[in-house]
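Colleague: Under the numbering used here, the first residue of the sequence shown is numbered 1, with each subsequent residue one higher.
Sharing a structure here in C-alpha cells format.
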Amino acid sequence: MYLIPILNTISAFKLVLGGLTNYTGLILAVVTSLVYVALSLVIAASMFKNEKYLFRS
Numbered sequence: 001m002y003l004i005p006i007l008n009t010i011s012a013f014k015l016v017l018g019g020l021t022n023y024t025g026l027i028l029a030v031v032t033s034l035v036y037v038a039l040s041l042v043i044a045a046s047m048f049k050n051e052k053y054l055f056r057s
C-alpha cells in the first residue's frame with residue numbers, strides 16, 4: 001500500500017496525524033514518493049530536450 005503514489009501520501013498523513021509510530025511505513029512512503037518525483041523529473045527533462053514535444057511539429 002505504501003508503494004502506490006496517492007495512497008502512500010494518505011497513509012503517511014494518517015500515521016502522522018493519528019500519532020502512530022510505524023516508522024517503517026512512513027519512511028517507505030517518503031522514499032517511494034521521492035523516487036516517483038525523481039523519475040518524473042528525468043522523463044520531463046528528456047522530453048524537453050526534444051523539440052518535437054516543445055513545438056508540436
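Beta carbons: idealized from backbone N, C-alpha and C, even for Gly.
Predicted model only: the values in this text are computed from it and were never measured.
With a threshold of 6 Å on Cβ separation, who are the neighbours of N22 within its own chain once the five nearest residues in sequence on each side are excluded?
Modeller: As a first step, residue 22 must be located in the sequence shown, where it is residue number 22. For N22, where only same-chain residues beyond five positions count, the Cβ hits under 6 Å are L15.
Colleague: Apply the 10 Å Cβ neighbour rule to A45 and answer buried if 16 or more other Cβ atoms are within range, or exposed otherwise.
Modeller: If you number the sequence shown from 1, residue 45 lands on position 45. Classification for A45: exposed.
Colleague: The alpha helix (DSSP H) spanning G25 covers which residue range?
Modeller: Position 25 of the sequence shown, counted from the start, is the residue given in the question as residue 25. First-last of the alpha helix (DSSP H) with G25: Y23 to K49.
Colleague: What do you get for V8, buried or exposed, if any count of 16 or more other CB atoms within 10 angstroms of its CB means buried?
Modeller: Within the sequence shown, residue 8 is the residue found at index 8, counting from 1. Here residue 8 is Asn; the residue named in the question, Val, does not match the sequence. Buried is the call here.
Colleague: Taking the alpha-carbon of A29 as reference, which of L41, K52, S40 and S11 has the nearest alpha-carbon?
Modeller: The residue labelled residue 29 in the question sits at position 29 within the sequence shown. If we check each option's Cα against that of A29, S11 comes out closest.
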